[in-house]
Each structure stands twice: as structure tokens, then as C-alpha cells.
Amino acid sequence: MCEEKVVTTAETLYQLQQADDDVRAKEKRLAKVEGQLGESEELHAARASLEEAEAELYELEKKQRQQELELKTVASKIESEESRLYGGRVTNPKELAGLQKEVRYLKERRVDIEDSLLETMMSREETASRVKERKATLEKIESGWESAQSTLATERDQLESDLAELQRRRTHLIDEIPPDVLSTYDYLRRLKGSAVAQFENGMCMGCRVGLSTVDRHRAKSGDLTTCSNCGRLLVVM
Ligand SMILES: [Zn+2]
1 MCEEKVVTTA
11 ETLYQLQQAD
21 DDVRAKEKRL
31 AKVEGQLGES
41 EELHAARASL
51 EEAEAELYEL
61 EKKQRQQELE
71 LKTVASKIES
81 EESRLYGGRV
91 TNPKELAGLQ
101 KEVRYLKERR
111 VDIEDSLLET
121 MMSREETASR
131 VKERKATLEK
141 IESGWESAQS
151 TLATERDQLE
161 SDLAELQRRR
171 THLIDEIPPD
181 VLSTYDYLRR
191 LKGSAVAQFE
201 NGMCMGCRVG
211 LSTVDRHRAK
221 SGDLTTCSNC
231 GRLLVVM
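Under our numbering, read the sequence shown as residues 1 to 237, first letter to last.
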């Protein structure tokens, strides 16, 4: 009866180790998944680059409206000054000369505004097509990101539920292991990463060193044996 209990303890320890290895791997993966959840650098950059082009476009549209308004104002001023000039009501030569000069100046001004307006319109077109391109890029990144996020969220939920299940399993297994054996297990795990090794063909599978005849005998008989080379707890499977 005693022998049977010891073998059970070794097997239970082995199962505990498998559960702990699983916990370790899943926690590592969970940390990675959680790091990837949320907005990516690529997404931030694409959004910022679109916002920049949109702001530029907004300014150019504003500039265009101002220039168009200015052009309209100058044109109507030319019209009114010309009607005064040719209307026949102004007869004073000095005043007429002044009006002529004013009209000339206004027409030069109109040419300048038209040139600037053309420049603004060209920039606006370029910027508008840049906005369109960047919007398409952002949408592409967003759709890829959204599907990746949903996959990651599903994986995170699965990992969390797996970990909860593993913790329940761990609690059950620990209940079956004597406290002193458990503290040896914890100590070896901290020290070596793994605490339990299989014993196969006279060899410890943890360090791959053959056991002494005495240890072989003890391990086979079911006594809880530690490898005299690496110190791991041995389990005969
Ligand atoms: Zn060993």
C-alpha cells in the first residue's frame, strides 16, 4: 500500500510538472498576445500621416476661397473704376489720370491673384489625391488590424480559460502530494526549470546519465528516488 502511494506521488508530480510547463508556456503566449492587442505603431503612423494631409488640404481650400473672394473684389473694383473712367462724369484730367493709374494697378493685381490662385488650385489637387491615397492606406491597415485584433482577442480568451482550468488541475494535484515533496519539487523547479524526470532504460531522462544499481532498484521499486547526478525526482512511466 505504501509502495503504491509513492508511485502515485511520482506520477502526480509528473502531471504537476506538465501542468506547470503548460502554465508557463501559456502565460508567456498570453503576455505576447496582450502586448499585441491595442493600436499598432503602423496604425498610429498611417492615421497621423492622413491627418497631416487633411489639415494641409483644409488650409489650401481656405486659401483658395480667400483668393477667389479677393479676385471677385478686385474685378468689381476694376469694373466700377472703369465705368467712372469711361462714364463721362469725371472730366478733370488729373482725376482721370489717377483713375487710369488705379485701373492699371488693379489689373496687375488681378493677374497676380490669378497666378496665386492657379498655384493654390494645383497644390489643392495634389494634396487631395494624397489624402485619397493615405485614406486608402489607412483603411487597408485598419481592416488587417481589425481582423488580427479579433483573432488575438479570441486567443487571449482561450488562453485565460485554459489557464484557469490548469490552475484548478494544479490545486487538485497539489492536494495529493506530501508538503515536503512539494517543497523539493518547487525548489528543483526554481533551480533547474524542471523538477521531475522520467526514468527509462536505467537512465535519468532529465540529465541523460545512467543511474547506479541502487538507484535503479529504488526507482523501479516505486520509492521516490532522486537522480544522484542532477537531483531531479524520478518517475517510472
Ligand atoms: Zn538526472
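Built from N, CA and C at the ideal position, the CB exists for glycine as well.
Alpha carbon to alpha carbon, how far is Lys26 from Thr213? Counting from one through the sequence shown, the residue named residue 26 turns up at place 26. Counting from one through the sequence shown, the residue named residue 213 turns up at place 213. CA-to-CA, the gap between Lys26 and Thr213 works out to about 39 Å.
Alpha carbon to alpha carbon, what distance is there between Ala48 and Val74? If you number the sequence shown from 1, residue 74 lands on position 74. If you number the sequence shown from 1, residue 48 lands on position 48. Here the alpha carbon of Val74 sits roughly 39 Å from the alpha carbon of Ala48.
Cβ shell of Glu224 (< 7 Å), same chain only, five flanking positions each side left out: Taking the sequence shown and counting its residues from 1, one reaches residue 224 at position 224. The sequence given here places Leu at residue 224; Glu does not occur at that position. Apart from sequence neighbours up to five positions away, the residues of its chain that approach Leu224 with a beta-carbon distance below 7 Å are Val6, Thr9, Ala10, Val181 and Leu233, ordered along the chain.
Inter-residue spacing [alpha-carbon to alpha-carbon] between Asp115 and Ala128: Within the sequence shown, the letter at position 115 stands for residue 115. Within the sequence shown, the letter at position 128 stands for residue 128. The C-alpha of Asp115 lies about 20 Å from the C-alpha of Ala128.
Return yes when at least one heavy atom of ligand 1 lies under 7 Å from the C-beta of Asn201, else no. Counted from its first residue, the sequence shown places residue 201 at position 201. Within 7 Å of the C-beta of Asn201 there is not a single heavy atom belonging to ligand 1.
At which residues does the beta strand (DSSP E) containing Glu200 begin and terminate? The residue given as residue 200 occupies position 200 in the sequence shown. Here the beta strand (DSSP E) through Glu200 covers Val196 to Glu200.
Over the uninterrupted alpha helix (DSSP H) stretch that includes Val235, give me the two end residues. As a first step, residue 235 is located in the sequence shown; it is residue number 235 there, counting from the start. Where Val235 is concerned, there is no enclosing alpha helix (DSSP H), although the beta strand (DSSP E) it sits in stretches over Leu233 to Val235.
In this structure, does DSSP put Val90 in helix, strand or coil? One-based indexing of the sequence shown puts residue 90 at position 90. If DSSP states are grouped into helix, strand and coil, Val90 belongs with coil.
Beta carbon of Glu36, beta carbon of Val196: below 8 Å? The residue labelled residue 36 in the question sits at position 36 within the sequence shown. The residue labelled residue 196 in the question sits at position 196 within the sequence shown. Correcting the residue identity first, residue 36 is Gln in this sequence and not Glu. Between Gln36 and Val196, the C-beta gap is not smaller than 8 Å, which leaves the two residues out of contact.
Where do the ends of the alpha helix (DSSP H) carrying Thr184 lie? For the purposes of this step, residue 184 is taken as residue 184 along the sequence shown, with counting starting at 1. Run containing Thr184: Pro179 to Lys192, per the alpha helix (DSSP H) assignment.
Cα-Cα, which of Thr154, Asp112, Ala219 and Leu191 is closest to Gln67? The sequence position of residue 67 within the sequence shown is 67, counting from 1. Closest option to Gln67, Cα to Cα, is Asp112.
Give a single yes or no on whether Ala197 has its beta carbon closer than 7 Å to a heavy atom of ligand 1. In the sequence shown, residue 197 corresponds to position 197, counting from 1. Ala197 Cβ: within cutoff of ligand 1.
Inspect the beta-carbon positions of Arg240 and Leu50 and report whether they are closer than 8 Å. The question about residue 240 has no answer, for the chain in this structure spans 1 to 237.
Give me the residue from Glu119, Leu117 and Glu82 with the minimum Cα distance to Lys101. Position 101 of the sequence shown, counted from the start, is the residue given in the question as residue 101. Relative to Lys101, the option among Glu119, Leu117 and Glu82 whose CA is nearest is Glu82.
Per-residue DSSP class, three states only, for Gly98: Position 98 of the sequence shown, counted from the first residue, corresponds to residue 98. Helix at Gly98.
CB-CB length for Gln64 against Thr120, believed under 8 Å: For the purposes of this step, residue 64 is identified with residue 64 of the sequence shown, where counting begins at 1. For the purposes of this step, residue 120 is identified with residue 120 of the sequence shown, where counting begins at 1. Yes, they are in contact, since the Cβ atoms of Gln64 and Thr120 sit about 5 Å apart, within 8 Å.
What is the DSSP secondary structure of Gly210, reduced to helix, strand or coil? Taking the sequence shown and counting its residues from 1, one reaches residue 210 at position 210. Three-state result, Gly210: strand.
Would Met203 and Gly210 be called neighbours here (beta carbons separated by less than 8 Å)? For the purposes of this step, residue 203 is identified with residue 203 of the sequence shown, where counting begins at 1. For the purposes of this step, residue 210 is identified with residue 210 of the sequence shown, where counting begins at 1. Contact: yes.
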